[in-house]
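Engineer: Please find one structure pasted underneath; my questions will follow.
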Amino acid sequence: MNTPALWHRLGQQSIHRRQPGSRICGRAGSMLHYVLIYMTVASALLTVGGVVLHTILKADTSDRRESLFLSSLLRAEKQLRSDSHESGMTFESTSQLSLVTSQQTKVIWSAERGVLSRTETRNDQVVVAERYIFPAGSLVSFEVEAPEVVLIRITEPSAFVKYSSLSNGSTDPNKPIEQVSPATPRSVAPPNSVEIRLKGAAS
């Protein structure tokens, strides 16, 4: 029996038997690389999607707040100017204005933080009651700017406070003003404000 030839044949058979296994291992290693790439791409897409969704929700909340502010401002200005044209405003205090119409109806405008109220009375009976509600953190105040001129100032919410998306100027009326609208540091620009000037008279 030729021993060298026998060992040569056995070696060739072992080589041929190992080759299929090596191919399987190569395919398995390539598949692992593909899975890692897919997972990386998927996680990146999920992260980008989460950031975009958060931005959309934040922008939607901001749009609702701006819409409420502008809607209340336009309605209040229209009614204020209508009352002012009929009869000059009388400054009562920083939170109250009054006037008497030609029909002898008394109109009281009152400001309480982010709410502007208008009450129309005749013979001590309330005829009309309206409220103009601004976003949470807004401030409404009255002052005399010059003789015969009454100023209504509506200040936007502070940037240092995070307000609930469901809250408005009438939410938590008993909450301290320092928490609702804290003082702005000198190094920071104050919140924006809108001013309405009407013909009036200080009392």
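Position 152 of the sequence shown, counting from 1, maps to 136 under our numbering, and the rest follow consecutively.
Using N, Cα and C, we set each Cβ at its ideal position, and we do this for glycine too.
I believe T85 touches E61 by the beta-carbon criterion, under 8 Å. Please report the beta-carbon distance rounded to the nearest angstrom.
Structural biologist: With a contact defined as Cβ atoms closer than 8 Å, T85 and E61 miss out at about 18 Å.
Engineer: By DSSP, does Q163 sit in helix, in strand, or in coil?
Structural biologist: helix
Engineer: For the putative contact between S122 and E140, defined by C-beta atoms under 8 Å, what is the C-beta separation to the nearest angstrom?
Structural biologist: 6 Å
Engineer: Should T136 go down as buried or exposed, given a rule of 16 or more other Cβ atoms within 10 Å for buried?
Structural biologist: According to the sequence provided, residue 136 is Ile. The question's Thr does not apply to it. Burial call: buried.
Engineer: Spatial neighbours of E76 within its chain, please: C-beta separation below 6 Å, excluding the five flanking residues on both sides.
Structural biologist: These residues qualify, in order along the chain: S82.
Engineer: Tell whether a beta-carbon distance below 7 Å holds between V35 and M73.
Structural biologist: no
Engineer: Would Y116 and S79 be called neighbours here (beta carbons separated by less than 7 Å)?
Structural biologist: no
Engineer: For R106, name the three-state secondary structure that DSSP assigns.
Structural biologist: strand
Engineer: Quick one: using the 10 Å Cβ neighbour count with 16 as the cut-off for buried, is N152 buried or exposed?
Structural biologist: buried
Engineer: Just mark F144 as buried or exposed, buried being the case when its beta carbon has 16 or more other beta carbons within 10 Å.
Structural biologist: exposed
Engineer: Return the chain-ordered list of same chain residues with a C-beta closer than 7 Å to the C-beta of P174, the five sequence neighbours on each side being excluded.
Structural biologist: T168
Engineer: May I have the straight-line CA-CA distance separating P131 from V172, to the nearest angstrom?
Structural biologist: 32 Å
Engineer: Tell whether a beta-carbon distance below 7 Å holds between V99 and S154.
Structural biologist: yes
Engineer: Taking Cβ positions, are V91 and E104 nearer each other than 7 Å?
Structural biologist: yes
Engineer: Please look up how many angstroms separate the CB atoms of F53 and F118, rounded, as I've assumed it's under 8 Å.
Structural biologist: 6 Å
Engineer: Are K183 and S68 touching if we call contact CB-CB under 7 Å?
Structural biologist: Yes, these two residues count as a Cβ contact at 7 Å.
Engineer: State the DSSP-derived secondary structure class of G34, mapped to helix, strand or coil.
Structural biologist: It is helical.
Engineer: Helix, strand or coil, according to DSSP, for E96 in the structure here?
Structural biologist: E96: strand per DSSP, three-state reduction.
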